[in-house]
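Asks: Numbering (the UniProt record's numbering), first residue to last: 1 to 819.
1. Reducing DSSP to helix, strand and coil, say where residue 392 ends up.
2. The alpha helix (DSSP H) with residue 737 in it runs from where to where?
3. Please state whether DSSP places residue 805 in a helix, a strand or coil.
4. Measure the C-alpha to C-alpha separation of residue 10 and residue 20 and round it to an integer number of angstroms.
5. List the residues that DSSP assigns as beta-bridge partners of residue 578.
6. Does residue 386 come out as helix, strand or coil in the three-state DSSP assignment?
7. Compare the Cα-Cα distances from residue 41 to each of 733, 13, 542 and 564 and report the closest residue.
8. To test your reading of the DSSP string, which unbroken beta strand (DSSP E) runs of 3 or more residues are found completely within the stretch 30 to 103?
9. Who are the Cβ neighbours of residue 280 in its own chain at under 7 Å, not counting the five residues just before and after it?
10. Are the Cβ atoms of residue 214 and residue 232 separated by less than 8 Å?
11. On a Cα-Cα basis, can you pick out the residue from 629, 125, 89 and 93 that is closest to residue 103?
12. Determine, using beta-carbon pairs with one atom in the stretch 256 to 273 and one in the stretch 392 to 402, whether at least three such pairs fall under 8 Å.
13. May I have the straight-line CA-CA distance separating residue 358 from residue 382, to the nearest angstrom?
14. Taking just the CA atoms, how far does residue 229 sit from residue 106?
15. Starting from residue 827 and walking both ways along the beta strand (DSSP E), at which residues does that stretch end?
16. Give me the Cβ distance between residue 767 and residue 800, rounded to the nearest whole Å; I'm assuming they're in contact under 8 Å.
17. I'd like the span of the beta strand (DSSP E) that includes residue 719, first residue to last.
18. Can you tell me whether DSSP reads residue 522 as helix, strand or coil?
19. Between the alpha carbons of residue 712 and residue 644, how many angstroms are there, rounded?
20. Mind checking whether residue 543 and residue 595 have CB atoms under 8 Å apart?
21. What distance in whole Å lies between the Cβ atoms of residue 26 and residue 266, which are believed to be in contact at a cut-off of 8 Å?
22. With 16 as the cutoff for other CB atoms within 10 Å, does residue 759 come out buried or exposed?
23. DSSP state of residue 531, grouped into three classes?
24. Less than 8 Å between the beta carbons of residue 333 and residue 321, yes or no?
25. Decide if the stretch 53 to 69 is in contact with the stretch 301 to 314; the criterion is three or more beta carbon pairs, one per stretch, under 8 Å apart.
26. I think residue 793 touches residue 750, with their Cβ atoms under 8 Å apart; what is that distance to the nearest whole Å?
27. What's the gap between the Cα of residue 608 and the Cα of residue 781?
28. Which term fits residue 563, buried or exposed, when burial requires 16 or more other beta carbons within 10 angstroms of its beta carbon?
29. Mark residue 200 as exposed unless 16 or more other C-beta atoms lie within 10 angstroms of its C-beta, in which case mark it buried.
30. For residue 97, which residues of its own chain have a beta-carbon under 6 Å away from its beta-carbon, when the five flanking residues on both sides are left out?
31. For the alpha helix (DSSP H) that residue 178 lies in, which residues bound it at each end?
32. Can you have a look at residue 476 and say buried or exposed, based on whether 16 or more other CB atoms are within 10 angstroms of its CB?
33. Residue 83 to residue 101, Cα distance in whole Å?
34. List the residues that DSSP assigns as beta-bridge partners of residue 724.
35. For the putative contact between residue 235 and residue 34, defined by C-beta atoms under 8 Å, what is the C-beta separation to the nearest angstrom?
36. Contact defined as beta carbons within less than 8 Å: I believe residue 89 pairs with residue 186. What is the distance between those atoms, to the nearest angstrom?
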């Protein structure tokens with residue numbers, strides 16, 4: 001499907017390697033958009049989902065180069081499996097935790113003449129310790145501290161401060177126990193996630209997509225933010241933040257991205273439902289309004305038999321399930337009811353005989369104990385179940401659950417609005433258990449006093465229907481006769497020009513962070529490419545190169561290289577007894593195209609290719625002679641496999657593949673110029689040693705020649721200042737690696753390295769020789785090695801240079817005027 005205008009803006013920005021915040025309204029196709037991005041940005045990618053079900057669904061939709069995971073699954077794989085035995089242990093009560101930590105009651109000193117000191121019993125202290133550890137685990141903090149201890153509303157500010165000081169040592173002790181594989185405190189999934197986060201892990205991907213970022217725990221957001229070499233695409237809807245109550249944050253609000261872009265065309269429903277959603281977006285003072293897909297019909301109307309009923313509370317779902325069952329309908333509850341039934345059976349056993357084998361409840365001896373435990377933080381997840389039992393009784397709950405069917409066979413599906421997030425149905429009715437505003441209907445301004453959490457929940461609820469929506473318990477909003485719901489106080493800003501990315505440059509300046517870490521970035525061939533050149537600067541480089549070579553390599557027909565005799569002797573033997581089966585051809589200089597100083601969309605793109613002589617070049621081959629010989633390759637039929645590979649690499653490097661100009665030409669100010677006029681080519685060895693055999697002439701591999709020529713390559717790179725050096729042939733690598741000061745691999749999966757010449761960093765790519773036999777050669781643009789290795793490596797190099805250039809960094813070039 002052709003991308004919409006909004007989607008295309010996002011795709012283009014992603015292909016430029018920009019980090020993005022994407023505000024995706026309900027039903028606007030964020031998953032489709034991310035898939036389109038991943039199909040365009042074909043780099044190793046990581047999609048981080050909110051839960052396992054979403055990760056599994058994404059895995060089936062995204063291309064193979066995208067790994068779909070939850071952050072907890074990554075953490076479990078890294079460290080959590082070491083604690084697996086602890087995860088399966090039974091619950092511990094606050095009494096158990098207090099005993100393990102040797103907690104004593106805490107007494108707060110009295111303040112004032114007539115005020116008694118206050119004593120906090122040990123179980124209450126244990127509860128505060130538990131909450132402090134939980135708050136620390138979801139935070140981005142490095143150490144557990146006073147700020148994680150919750151405040152007691154019944155205490156003064158000073159009393160809370162003194163209480164926190166006494167709670168903190170116990171919380172630190174509890175965390176130490178949790179980190180111990182053999183610890184005794186109950187271990188949870190959030191614990192191993194925090195342990196992993198404190199190691200500051202590096203995620204092995206080039207592009208990271210964080211979904212549901214409006215409800216992200218700070219610890220998860222921090223892990224992604226720390227991937228400073230990554231292109232980060234953070235997606236969500238700030239108006240659907242539902243889990244702030246449990247510590248989640250809207251990471252979209254302050255993410256350091258290059259742009260914030262929007263998706264507002266909803267494919268889920270048509271205009272009537274979009275208008276209903278916009279009422280709540282107006283209440284939320286949102287920057288966006290939804291537009292229903294023009295070809296999609298929908299209506300807002302009363303519904304007698306909806307596909308789904310959405311409730312505000314869990315108790316509401318049970319009530320509606322009971323009502324629907326009484327009418328003879330087959331009912332499903334989102335999330336199922338099997339565990340609810342098992343808990344109901346356990347509750348009945350506790351009531352009847354004071355014992356149960358259910359792993360969640362077997363430590364209790366009465367239902368009253370469960371009620372008390374549900375009021376503790378460790379048992380907060382049982383609170384809803386306790387309320388249901390107390391309201392309907394265990395027998396009724398069991399009967400209701402036994403009557404439920406799977407969603408595939410249900411006449412009606414019941415869900416809370418929280419659980420409905422991310423879901424959709426054909427027809428939806430809103431339950432009457434939603435809160436309504438108490439504001440005066442004549443004062444619409446007071447309407448915005450509705451709590452954001454309630455307005456967000458309503459926005460989620462009314463956007464679940466595709467065809468028909470019964471607003472039911474949310475119809476009260478129309479009583480307020482508000483202004484035009486489509487009014488936006490601050491319109492969505494237009495897509496910004498690409499902003500400099502401060503994190504990449506900062507990371508590149510810290511070389512230790514590049515060791516074994518992926519460069520997470522992407523520059524693909526974009527639709528609009530502009531080329532420019534600086535022939536004056538190139539002429540200066542050529543002049544400097546000629547001066548160096550005439551002084552240090554070849555002066556006319558005289559060899560000036562001080563290592564010449566040593567190299568010849570190593571290849572041919574002593575002058576008095578030179579080997580008769582070999583020939584020696586001195587001085588084969590390099591080629592520099594007249595438009596070497598190329599910019600692509602304003603970014604320097606100087607490409608140097610380093611090869612190794614094959615014993616075919618003539619002697620006394622200066623730069624001018626090399627240029628004349630090189631220009632023969634402008635005619636495709638004259639190209640050998642090596643030069644075909646060179647053209648393939650240059651087309652990729654200069655992004656001409658999708659350009660409107662002929663595919664081997666750059667449209668420069670002076671007119672079209674072939675890519676072979678826009679790069680430089682040199683050999684590592686500047687002399688040829690050839691041996692004659694029965695099979696023909698072969699290059700003699702003489703290590704001493706390669707070692708002696710390293711100094712010339714280093715000086716050539718200093719003069720030419722390439723943004724990317726491409727090495728053809730792995731035999732060259734030990735010598736080129738030394739000459740260019742290569743120390744670190746930028747990406748574990750691609751042969752791109754970071755070197756340093758004359759104090760300036762250089763990117764170096766190492767490939768097979770283009771003429772190598774399949775599947776290792778790449779003289780053809782359809783060759784597997786070219787598509788899977790050469791193209792992504794060159795594009796990665798372009799991306800790094802582009803982002804560094806955006807910061808005017810000196811990471812890859814000295815501070816010359818051309819960048």
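For glycine and all other residues, C-beta sits at the position ideal for the given N, C-alpha and C.
Predicted model only: the values in this text are computed from it and were never measured.
Replies: Let me spell this out:
1. As a position in the chain shown, residue 392 is number 392, starting the count at 1. In the structure shown, residue 392 sits in a helix (DSSP, three-state: H, G or I).
2. On the chain shown, residue 737 is found 737 positions in, with the first residue counted as 1. Unbroken alpha helix (DSSP H) run through residue 737: 733 to 739.
3. For the purposes of this step, residue 805 is taken as residue 805 along the chain shown, with counting starting at 1. Assignment of residue 805 by DSSP, reduced to helix, strand and coil, places it in the helix class.
4. On the chain shown, position 10 is the one that residue 10 refers to. On the chain shown, position 20 is the one that residue 20 refers to. Looking at the two C-alpha atoms, the distance is approximately 8 Å.
5. Taking the chain shown and counting its residues from 1, the one referred to as residue 578 is at position 578. Per DSSP, residue 578 has no beta bridge partner at all.
6. Here residue 386 refers to the residue found at position 386 of the chain shown. The answer is helix: DSSP assigns residue 386 an H, G or I state.
7. On the chain shown, residue 41 is found 41 positions in, with the first residue counted as 1. Distance from the Cα of residue 41 is smallest, within the candidate group 733, 13, 542 and 564, for 13.
8. Runs of beta strand (DSSP E) with 3 or more residues, each lying fully within the stretch 30 to 103, are found at 45 to 49 and 66 to 70, listed in chain order.
9. For this step, residue 280 is matched to residue 280 along the chain shown. Excluding sequence positions up to five before and after residue 280, its CB lies within less than 7 Å of the CB of 455, 458, 459 and 462, all in the same chain and listed in chain order.
10. As a position in the chain shown, residue 214 is number 214, starting the count at 1. As a position in the chain shown, residue 232 is number 232, starting the count at 1. Going by C-beta atoms, residue 214 is not nearer than 8 Å to residue 232.
11. The residue you call residue 103 lines up with position 103 of the chain shown. Minimum Cα distance to residue 103 is reached at 125.
12. Judged by Cβ distances under 8 Å, the stretch 256 to 273 makes no contact with the stretch 392 to 402, as fewer than three pairs qualify.
13. Sequence index remark: in the chain shown, residue 358 carries index 358 (1-based). Sequence index remark: in the chain shown, residue 382 carries index 382 (1-based). About 13 Å.
14. Here residue 106 corresponds to residue number 106 of the chain shown, with the count starting at 1. Here residue 229 corresponds to residue number 229 of the chain shown, with the count starting at 1. If you take the alpha carbons of residue 106 and residue 229, they lie about 48 Å apart.
15. Residue 827 is absent from the model: the chain starts at 1 and stops at 819.
16. Working through the chain shown from its first residue, we reach residue 767 at position 767. Working through the chain shown from its first residue, we reach residue 800 at position 800. Not confirmed; about 17 Å, so no contact.
17. The count along the chain shown starts at 1 and reaches residue 719 at position 719. Annotation: residue 719 is outside any beta strand (DSSP E); the continuous alpha helix (DSSP H) that includes it extends over 710 to 720.
18. If you number the chain shown from 1, residue 522 lands on position 522. Residue placement at residue 522 cannot be trusted, given a pLDDT of 35 that sits under 50; what the coordinates show is reported in the next sentence. Here residue 522 sits in coil by DSSP.
19. Mapped onto the chain shown, residue 712 falls at position 712. Mapped onto the chain shown, residue 644 falls at position 644. Their Cα atoms are separated by approximately 26 Å.
20. Counting from 1 along the chain shown, the entry for residue 543 is found at position 543. Counting from 1 along the chain shown, the entry for residue 595 is found at position 595. Not closer than 8 Å, so no.
21. As a first step, residue 266 must be located in the chain shown, where it is residue number 266. As a first step, residue 26 must be located in the chain shown, where it is residue number 26. Going by Cβ atoms, the distance from residue 266 to residue 26 rounds to 6 Å, so yes, they are a contact pair.
22. Residue mapping note: residue 759 aligns to position 759 of the chain shown, counting from 1. The residue is exposed, with fewer than 16 neighbouring Cβ atoms inside 10 Å.
23. Counted from its first residue, the chain shown places residue 531 at position 531. Taken through DSSP and simplified to helix, strand or coil, residue 531 comes out as strand.
24. Reading the chain shown from its first residue, position 333 is the one you call residue 333. Reading the chain shown from its first residue, position 321 is the one you call residue 321. Against a cut-off of 8 Å, the Cβ pair of residue 321 and residue 333 comes out as a contact.
25. With the cut-off at 8 Å, the stretch 53 to 69 and the stretch 301 to 314 do not touch.
26. Position 793 of the chain shown, counting from 1, holds the residue named residue 793. Position 750 of the chain shown, counting from 1, holds the residue named residue 750. Correct: roughly 5 Å between the Cβ atoms.
27. Here residue 608 refers to the residue found at position 608 of the chain shown. Here residue 781 refers to the residue found at position 781 of the chain shown. Straight-line Cα distance between these residues: approximately 20 Å.
28. Counting from 1 along the chain shown, the entry for residue 563 is found at position 563. With 16 or more other Cβ atoms within 10 Å, it is buried.
29. For the purposes of this step, residue 200 is identified with residue 200 of the chain shown, where counting begins at 1. Under the 10 Å beta carbon count, residue 200 is surrounded by fewer than 16 other beta carbons and is classified as exposed.
30. Translated into positions along the chain shown, residue 97 becomes position 97. Contacts found: 126.
31. Here residue 178 corresponds to residue number 178 of the chain shown, with the count starting at 1. Annotation: the continuous alpha helix (DSSP H) that includes residue 178 extends over 157 to 179.
32. Taking the first residue of the chain shown as position 1, residue 476 is located at position 476. Taking every protein chain shown into account, the CB of residue 476 has fewer than 16 other CB atoms within 10 angstroms, so this residue is exposed.
33. Translated into positions along the chain shown, residue 83 becomes position 83. Translated into positions along the chain shown, residue 101 becomes position 101. For residue 83 and residue 101, the distance between alpha carbons rounds to 20 Å.
34. Looking up residue 724 in the chain shown gives position 724. In the DSSP secondary-structure assignment, residue 724 is bridged to 607 and 763.
35. As a working mapping, residue 235 is identified with position 235 in the chain shown. As a working mapping, residue 34 is identified with position 34 in the chain shown. Indeed they touch by this definition, with Cβ atoms about 7 Å apart.
36. For the purposes of this step, residue 89 is taken as residue 89 along the chain shown, with counting starting at 1. For the purposes of this step, residue 186 is taken as residue 186 along the chain shown, with counting starting at 1. In this structure residue 89 is in contact with residue 186, their Cβ atoms being roughly 6 Å apart against a cut-off of 8 Å.
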